[in-house]
Structure formats: structure tokens, C-alpha cells
């Protein structure tokens, strides 16, 4: 059986689909997936043994120049890639109008979420087969239910609980084959002296999801004073500057060079532990089964938290959280000295002080 899977973005969303692919591969031994994904994340599906071919798209880039020659050429290449294969059906695991538009280009029946279950309900009108998957559950569980219903196998027992997936004792396998990430692991990712290594996943898209820079610096001091090595990856100039500020004048804190996604995965796999905000790299750490502490302010870990038995999170108990907002009306809040001596932009993070974070991290090995 060959299925065309549509799950284009974002990084966290792509990773959330991996346990469902693993379920399907276990339940249907001859199944193979071709996976349509945004070019920035095309490395990840290739790390799963059940994915035979990755079909990259560049919708984000194409929308900026829809009539450019390169856009037309790349679109034709995408259509040719679909025409070159024969599929039993298409599974749209995104539930968006744009993903439904891509799905119908394969000219075979499309399966997806029903009108009440899809993130953009109108997308369901493109599907020949629609499935109800309740809201209010973690994204990983919802995808596992969708795959189970569309492919006709029983939902695995570990997906039936009412928990949020964070800290599950019998966490589902993401199914990644780490040998596919890089043919050789460069020496700077190997631990040669037994020093515990802590990776700071400090980058995220929303302003309100950023843990304060001053908190990161204090955590780096606590970790390095305890004999840990701190490493800071980055993916943009803004993140590089933040990483440099965090590591400034702190012996044992190192800003990494810019790494491709596979290089970041290898770096995470070599870590003793990670600490991060609500971001895609936190989900990648979970998929690699790296002990990770995730810090949540305005977002809800029960819906999008890193999923796995070695994953922990700290969620603020600030009265207005989780607000799920990209902007905060209480910015420039300055907590009183008894709560913190540091001024921060997003007040809900005052409840997640560096000393509290380090107390948990120091036990995660």
C-alpha cells in the first residue's frame, strides 16, 4: 500500500505526525508513504524508515512570487513528482485549505478530517472520506486517531488514555532512524570527557513565548557553575545575537555555528538534557528521546507540548495563562523583588524563575 501524506509545516506539526506514521507501519507491514512537506523541513520525513520518498513544496516562497519563472518551474516539478507515482489514496493530515488544494492534485481519493474537526473546516469539502477527531486533545493523539480511522487499524492502546502525553511512562515511538541524519557525526557533537551537556532551545516565533534573556543568562551561570557545558544553537541573526548575549562572559557556555536541521538533530541527540520554550526544536528533542524541560507561558502544553516519557514541562500559573496570544497587554511588567530581581517583558514568566528551572534540570539525566 502506498499513501501520499500531506503534512507540510511547521516543524512541530511535522514531528507530531511521526508517531502516527510509526503506528501505521506497525499495523500495515507493506505500507509506504510519500510525504509532501515544506522544503525547510524536508529532512525530517526522510529519517523515518516508512517514508519512501519526500516531495518538497515551497508554498511560503511561491506565494511571494506566484508568477516568477522559478515558481512555475518548481510547481511543474511538484506536479510531475505526483504524476510519476501511483497511490492508493491521499491522507491530508494538515486540515487546511492549502493542504487540501495540494492533496487533490494527485487525482486519487483524499482522506482527511471532517468539517467539525479540521482546523479550516472548508478544507473538508475536498475530501472523499472524512473522519471525526475530537478537539481538546494533544496534536499527536489527534493525528494517531486520524491515521487509525483512515487506514482501518485499531488505535494502539497507548493512544487511548486521557493524559496529555507529557511524561507518559509508555511513550509512543517516533520511529526515527538516527543513522539517516548524517553519514558521519562531526567531532564537535561528541562528548569526550563525560561533561554533562545542556542545550538551550531559546528561539521561538512569538514574542510572548520567549523566556527572558536575563533568565537564560542566570540559568547558564547556574549550569556552568555546577560543571555542565551549555550550548546555544541559532537559526537567524536575531537568535545568534541573543545566543551571544546569553553566553557572554560565561565560561562553559558556547554559541554553536549555524547548523542545518540534521546537524541540529545530531547536536540534540548528543545532549545530556535540553531546556527550551514552546518551539519546533523542543519537539525534535522529544522525537530523539532527549530529556527535555519545556517552559510554557501563553501556550498550552496539554495541546502542543513535547510528547514523550522523558519530557517535562513547567507551565506558568499566572492568572491569564494560557492566553494563546502573540502579544501581551502587560508587557514591561516589573515583578517585585520577592518574586524576582529581574525585569521581564512577559509577566507570566515571572513564575518560572531560573532557580526553579535549574532545580528540575539538574536531575534530568
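In my numbering, the protein residues as written are 11 to 375.
We put the CB at the ideal spot given by N, CA and C, even for glycine.
Practice task
Could you please give the first and the last residue of the uninterrupted alpha helix (DSSP H) stretch that includes residue 364?
Solution key: 364 to 371
Handout entry: Residue from 293, 164, 230 and 369 with nearest C-alpha to residue 27
Key = Out of 293, 164, 230 and 369, 293 has the C-alpha closest to the C-alpha of residue 27.
Problem - residue 142 to residue 362 span [Cα, whole Å] - result: Taking the straight line joining both Cα atoms gives about 37 Å.
Exercise for the section: Given a cut-off of 7 Å, decide if residue 302 and residue 206 are closer than it, judged by their beta-carbon atoms. Expected result: no
Problem - residue 82 burial status per 10 Å Cβ neighbour count (16 or more: buried) - result: Within 10 angstroms of the beta-carbon of residue 82 lie fewer than 16 other beta-carbons, which makes it exposed.
Exercise for the section: Could you please give the first and the last residue of the uninterrupted alpha helix (DSSP H) stretch that includes residue 158? Expected result: First-last of the alpha helix (DSSP H) with residue 158: 149 to 161.
Practice task
Assign residue 212 to one of three DSSP states: helix, strand, or coil.
Solution key: coil
Problem - Cβ distance (whole Å) where residue 13 is taken to contact residue 99 below 8 Å - result: 6 Å
Exercise for the section: Report the three-state DSSP secondary structure of residue 352 (helix, strand or coil). Expected result: Bear in mind that a pLDDT of 38 at residue 352, under 50, signals an unreliable position, so the number given afterwards is only what the model happens to contain. Residue 352 sits in coil when the DSSP states are folded into three classes, being neither helix nor strand.
Problem - residue 140 to residue 152 span [Cα, whole Å] - result: In this model, residue 140 and residue 152 are separated by some 14 Å (Cα to Cα).
Problem - Secondary structure, beta strand (DSSP E): runs of 3+ residues fully inside the segment 270 to 327 - result: Along the length of the segment 270 to 327, whole beta strand (DSSP E) runs at least 3 residues long occupy 283 to 287, 302 to 306 and 321 to 325, reported in chain order.
Exercise for the section: Give the straight-line distance between the Cα atoms of residue 16 and residue 367, rounded to the nearest whole angstrom. Expected result: Those two C-alpha atoms are separated by around 37 Å.
Exercise for the section: On the DSSP bridge assignment, give the partners of residue 44 in chain order. Expected result: 14 and 63
Practice task
Report the partner residues of residue 122 according to the DSSP bridge assignment.
Solution key: 140
Handout entry: 6 Å CB neighbourhood of residue 54 in its chain, flanking five on each side removed
Key = For residue 54, the CB contacts under 6 Å within the same chain, skipping 5 residues up- and downstream, are 24 in chain order.
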